[in-house]
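Heads up: the sequence shown begins at 4 in this note's numbering, then just goes up one per residue. Just below is one structure, and these are the notes that go with it.
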Amino acid sequence: MTTTPAEVVLTNPATAVAQRAFAGTVAAALAVGVVALPFSGGPWWAIVLSELVVLVGVFVMYRVWSSAGTSASRTTALRARGTATTAEVVSSTKDFDGESVTHELKLWIPLEDSGFEVHHQCNHYRGEQNLEVLVDPADRTWAVLH
4 MTTTPAEVVL TNPATAVAQR AFAGTVAAAL AVGVVALPFS GGPWWAIVLS
54 ELVVLVGVFV MYRVWSSAGT SASRTTALRA RGTATTAEVV SSTKDFDGES
104 VTHELKLWIP LEDSGFEVHH QCNHYRGEQN LEVLVDPADR TWAVLH
């Protein structure tokens, strides 16, 4: 059980499979690069630097692979045990970075005996005062349904 409320990034199993397939394909291509780079005939320092960059890429793809599975399993658990409720938007802050708008929302998620305050970032917010959320009070996990 988590003591602080944890947001679940809603991911369906098909999306997780697609993310894992992408990460696996890129990681396999990078592995081929790791093997092929020493035979490229370039200066030793360029080969070593390139190997380090490729290894960082493999690590990033591993993180994509593992987070996809984690998000999908957390989503499945939240959908199985969670209940839909309405969260009140306590405050919202709009951030425009020159290309896109991101909203930082402070939400109050009510529970039967109390509730808790959470923060949510998204680019889907349209000024609503209430948002539908899925919450599991026992695990203190939640997700905004939009």
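Note that the Cβ used here is the ideal one computed from N, Cα and C, for glycine as well.
Outcome for residue i when other beta-carbon atoms lying within 10 angstroms are tallied against a minimum of 16
{"i": "residue 140", "result": "buried"}
{"i": "residue 77", "result": "buried"}
{"i": "residue 11", "result": "buried"}
{"i": "residue 114", "result": "exposed"}
{"i": "residue 46", "result": "exposed"}
{"i": "residue 105", "result": "exposed"}
{"i": "residue 85", "result": "buried"}
Where the alpha helix (DSSP H) containing residue i begins and where it ends
{"i": "residue 62", "result": "47-84"}
Range covered by the beta strand (DSSP E) that runs through residue i
{"i": "residue 144", "result": "144-147"}
{"i": "residue 44", "result": "Counting along the chain, residue 44 falls outside any beta strand (DSSP E), and DSSP gives it neither H nor E."}
{"i": "residue 124", "result": "118-125"}
{"i": "residue 35", "result": "From DSSP, residue 35 is part of no beta strand (DSSP E) but of the alpha helix (DSSP H) over 16-39."}
{"i": "residue 105", "result": "104-113"}
DSSP beta-bridge partners of residue i
{"i": "residue 137", "result": "87, 146"}
{"i": "residue 92", "result": "110"}
> Does the stretch 103-122 come close enough to the stretch 134-143 that 3 or more CB-CB pairs lie under 8 Å?
Replying inline: With the cut-off at 8 Å, the stretch 134-143 and the stretch 103-122 touch.
>> With three or more C-beta pairs closer than 8 Å as the rule, is the stretch 19-31 touching the stretch 62-72?
In response: Two segments are said to touch when three or more pairs of C-beta atoms, one from each, lie closer than 8 Å; by this definition the stretch 62-72 touches the stretch 19-31.
>> Taking contact to mean 3 or more Cβ pairs, one atom from each stretch, closer than 8 Å, check whether the stretch 88-95 and the stretch 34-43 are in contact.
In response: No, the stretch 88-95 is not in contact with the stretch 34-43.
>> Is it the case that the stretch 47-67 contacts the stretch 26-33, given that we only count it when at least three CB pairs across the two stretches are under 8 Å?
In response: Contact between the stretch 26-33 and the stretch 47-67 is established, with three or more Cβ pairs separated by less than 8 Å.
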